[in-house]
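Accompanying notes for the structure given below.
Numbering (the working numbering), first residue to last: 41 to 134.
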């Protein structure tokens, strides 16, 4: 909403505890333009961290690999496990 209004001053009532304590000093600064900039930077850093650790993603991204896609389904493992063990020259049973 602030961008639509063309405002570059962060309202005093805005708090962002999830962005970390290091940013709280800048976000609560009396200079509300500086606070706005700090909130922007803190948000972008948090987004960058979230993208890197996989907690956020773009669903249609070609490089997206959700955690569920990293593992075989039970059915697929039952069907293909012997082939994978053989390829690694491992016994299928310990």
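Just so you know, even glycine gets a beta-carbon here, dropped at the ideal spot from N, CA and C.
Should the region 73-91 be regarded as contacting the region 110-121, the criterion being three or more beta carbon pairs within less than 8 angstroms?
No: fewer than three Cβ pairs fall under 8 angstroms.
Could you tell me which uninterrupted alpha helix (DSSP H) segments, each at least 4 residues in length, are contained entirely in the region 47-81, listed from first to last along the chain?
As far as the region 47-81 is concerned, its whole alpha helix (DSSP H) runs of at least 4 residues are 61-67.
Would you identify the three-state DSSP class for residue 99, choosing helix, strand or coil?
Reduced to three states, the DSSP call for residue 99 is coil.
Would you call residue 62 buried or exposed, if buried means 16 or more other Cβ atoms sit within 10 Å of its Cβ?
Per the 10 Å Cβ criterion, exposed.
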